[in-house]
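Line by line, the protein sequences are chains A and B. Residues 1 to 80 in my numbering are what the first sequence lists, from first letter to last. Residues 81 to 160 in my numbering are what the second sequence lists, from first letter to last. Below: one structure, written as structure tokens.
Number of protein chains: 2
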Amino acid sequence: MQARISIRFRPGVLDPEATAIQRSLHGLGFAEVEAVAKVKVIELTLAETDRPTAETRLRQMCEKLLANPVIETFEIELLD
Amino acid sequence: MQARISIRFRPGVLDPEATAIQRSLHGLGFAEVEAVAKVKVIELTLAETDRPTAETRLRQMCEKLLANPVIETFEIELLD
Numbered sequence: 001m002q003a004r005i006s007i008r009f010r011p012g013v014l015d016p017e018a019t020a021i022q023r024s025l026h027g028l029g030f031a032e033v034e035a036v037a038k039v040k041v042i043e044l045t046l047a048e049t050d051r052p053t054a055e056t057r058l059r060q061m062c063e064k065l066l067a068n069p070v071i072e073t074f075e076i077e078l079l080d
Numbered sequence: 081m082q083a084r085i086s087i088r089f090r091p092g093v094l095d096p097e098a099t100a101i102q103r104s105l106h107g108l109g110f111a112e113v114e115a116v117a118k119v120k121v122i123e124l125t126l127a128e129t130d131r132p133t134a135e136t137r138l139r140q141m142c143e144k145l146l147a148n149p150v151i152e153t154f155e156i157e158l159l160d
């Protein structure tokens, strides 16, 4: 089973990498860029065929390792 | 206009961060994880209403700053 986890900063959390990207784009002449957000996406292949079990396990992976719940939110998608 | 750029390593390019994530997940007992890939996603808000112009400009942003074409591929999506 293929899964995708998208991890974003919570609203209000400063994202210095996104700020740096926006500043660099402006410096290169891309003045139309009004906002930039960075999303960390992790795609996983799982040896698990049961969807509810896969969702539970992916949530545990996020809570234990992949996301920092204090400053980040995560979204889980099963792709097949 | 909202746009999303997804940047991935080309097939065959080693991704040490993905390898580290997979190893850590195995160490935490998530043995069902068979493969991990990391995708860098950048979401942009553009002050541009013409779709073809936006696509051209986003491609230029990727080529000039956001992606390294030697080791990475990029995909552009316009979200509205």
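For glycine and all other residues, C-beta sits at the position ideal for the given N, C-alpha and C.
Any C-beta of chain A under 7 Å from that of residue i
| i | result |
| --- | --- |
| B:E97 | no |
| B:L159 | no |
Local Cβ density within 10 Å of residue i, reported as buried at 16 or more and exposed below that
| i | result |
| --- | --- |
| B:S102 | One detail in the question is off: residue 102 of chain B reads as Gln in this sequence, not Ser. Buried is the call here. |
| B:R88 | buried |
| B:L105 | buried |
| B:L124 | buried |
| B:V150 | exposed |
| A:V13 | exposed |
| B:A111 | exposed |
| B:L108 | exposed |
| B:A100 | exposed |
| A:A35 | exposed |
Residue i at chain B interface by Cβ criterion, 7 Å
| i | result |
| --- | --- |
| A:L14 | no |
Nearest-angstrom beta carbon gap, residue j and residue i [assumed within contact, 8 Å]
| i | j | result |
| --- | --- | --- |
| A:A47 | A:L78 | A:A47 to A:L78, Cβ: 14 Å. No contact. |
| B:T129 | B:M81 | 6 Å |
| B:E152 | B:R90 | 6 Å |
| B:L146 | B:I122 | 6 Å |
| A:K38 | A:E17 | 5 Å |
Closer than 9 Å at the beta carbon, the chain C residues around residue i
| i | result |
| --- | --- |
| B:I156 | Structure shown: chain C not included; protein chains present are A and B. |
Interface residues of the stretch 103 to 122 of chain B facing chain A [CB-CB below 7 Å]: S104, L105, L108, F110, E112, V113, E114, A115, V116, A117, K118, V119, V121, I122
Interfacial residues, the stretch 121 to 139 of chain B to chain A, with Cβ spacing under 7 Å: Taking 7 Å as the Cβ-Cβ cut-off against chain A, the residues of the stretch 121 to 139 of chain B that qualify are V121, I122, E123, L124, T125, L126, A127, E128, R137.
Complete beta strand (DSSP E) runs within the stretch 103 to 147 of chain B (minimum length 3 residues, chain order): Complete beta strand (DSSP E) runs here, min 3: 113 to 126.
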